[in-house]
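One rule links them: number in the working numbering = place in the sequence shown (from 1) + 44. All C-beta atoms, glycine included, are put in the ideal place defined by N, C-alpha and C. Model, not experiment: these values are computed from the prediction. Quick notes on the structure that follows.
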Amino acid sequence: MNQYDLIVIGSGPGGYVAAIRAAQLGMSVAVVEKDAVGGTCLNRGCIPTKALLHAGEVLDEMREASKLGLSCENVSYDMAAVYKRRDDVVKKLRGGVEMLLKSNKIDLYRGVGSFVDKNTVSVHGEKGDEQISAKYIIIAVGSEVRNPHFPGIELAVDSDDILEKYLDIPQNVAIAGASVIGVEFASIMKSLGKNVTIIATRDHLIPKTDRDLGEALGREMKKQKIKILYKSRMKEIKKCDDGQLEVFFTTPDGVDSIKTEMLIACIGRSPYLEGLKPENAGVEVKDGKIVVDANLKTAADNIYAIGDCLGGEIQLAHWAEAQGCVVVERILGKEQSYNLDVCPACIYTSPEIANVGLTEEECAAKGIELEVGKYNMAGNGKSMIVGQGGFVKVLFEKSSGKMLGAALFCNRATDIVGELAVCVATGMTREEFLKTIHPHPTVVEGVLEAVEASEGMSIHTAKVGR
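Structure (structure tokens):
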């Protein structure tokens, strides 16, 4: 039996990053992976989604070329070629991860990992069963698509189907779910020229983020001719004689329905624990989730868990990566590198969305008095050049002046939020932030304006009443 300092079960963003960090710090490491290296994010999540979104963005830009004085005629697309590029990007990145594991002398075991006891993992692969052992083990098995059990759900497709298969996309598409996956898919389908309907359970989109972001995105999608059915909850799907689907949903006024050619279920994801046998190692599972303490340690004192298998509202690749590094550092008694209390979130619609830290609603619930700065990006030169508006909002604690949160709905929001994550994580004050000059013309100037607006000093905001 091969013995290691650390076994990592799962090679998604959390798993492979934890393994590499452990190897960098001198540990002997094995990774167990039942499927493709890179996990959901790389193979059927973040990366293929963004590849499709980028294709859609370029397509939209070509359609808008005439507004810039440019000529771009007979704009069209080859869906098979779009899918091929998606797969080429995934394949290249997956190969890169495999190379990183190899270069760090990490042994990769391909197969389903199951606990034998708290130190031993059995790997069931094509060559049969093999047992390996380690002093420490990190569970990083990720999640899977979660579909509700209502009649006719088998008639729908899900995110795995869209992101892994070569599907013919019909003209009329409905999307069940208005969180991150749902709105990103809506953006993809609209860019492809489809008629899109979103079925949303709440009265605004992306309900887990700042309300202003969800409401602004709803208004923007309405301008883009995306139909949104608010306060609607899926009930049943039936196939009609003409081949279409009739989708039934409940509303505050009763039951309603629409007809569509494809329904994409974007309801959510659940931890994937099949075959793991955590009970053999004394690892507690509750409501389908691995239970951990504040240090991400399970009920077994040598076993930790990170990422989506913990469930919860945060299911982000970079969140799992940070957890993986922190767990390794804790195992080795080293100083923790990341502040796990602050994790930025990004949504790749058009304009992009990003937020970090607390929302206004969360601050109100905690009784925190705020000074809020909000800047309309219609006054930002770079935003005007690229043809995207939106806003930047920052939250400062009134008593201390520290930045507690930020919300962005603008071009390049997903890049800019990194700066604001640093501010929130380090407790930067408004006074400290305003010491830094921001370059012109850039979108990030809008952040400076929002911070200035929190004390009524935004240069490029007109005074009300004049």
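Query                                                                                                        : Result
Cα-Cα separation between GLY287 and GLU305, rounded to whole angstroms                                       : 8 Å
CB of LEU96 within 9 Å of CB of TYR121, strictly                                                             : no
ILE213 versus MET472: straight-line alpha-carbon distance, rounded                                           : 47 Å
Where VAL141 sits in the DSSP three-state scheme                                                             : helix
According to DSSP, residues forming a beta bridge with ASN239                                                : ASN216
With 16 other Cβ atoms within 10 Å as the buried cut-off, status of VAL461                                   : buried
GLN175 - DSSP class collapsed to helix/strand/coil                                                           : strand
Cβ-Cβ separation, LYS179 to ASP8 (assumed contact under 8 Å), whole Å                                        : Summary: the structure shown does not reach residue 8, with the chain confined to residues 45 through 510, and so no result is reported for it.
Pair within 9 Å by beta-carbon distance, GLU228 and ILE391                                                   : yes
Span separating the alpha-carbon of LYS78 from that of ALA338                                                : 28 Å
4 or more residues per run - each alpha helix (DSSP H) lying fully within the stretch 353-405                : 361-375
Contact under 9 Å by Cβ, VAL217 with ASN239                                                                  : yes
Between the CA atoms of GLU493 and ILE429 - distance to the nearest angstrom                                 : 18 Å
One or two residues paired with ASP131 in a DSSP bridge                                                      : Looking at the DSSP assignment, ASP131 forms no beta bridge with any residue, so it has no partner.
Residue of GLY425, THR458, GLY449, THR480 minimising C-alpha distance to THR505                              : GLY425
Boundaries of the alpha helix (DSSP H) in which PRO57 is found, first to last residue                        : 57-68
Pick from TYR348, GLY355, ILE176, GLY298 that is closest to TYR316, judged by C-alpha positions              : GLY355
Completely contained alpha helix (DSSP H) runs for the stretch 440-482, where each covers 4 or more residues : 457-470, 474-477
For LYS271, the first and last residue of its enclosing beta strand (DSSP E)                                 : 271-273
Supposed contact pair PRO57 and ALA364 - C-beta distance, whole angstroms, cut 8 Å                           : 5 Å
Contact check, ALA457 vs ALA398, beta carbons under 9 Å                                                      : yes
For ALA95, the first and last residue of its enclosing alpha helix (DSSP H)                                  : 90-107
Burial state of LYS252 (16 or more Cβ within 10 Å)                                                           : exposed
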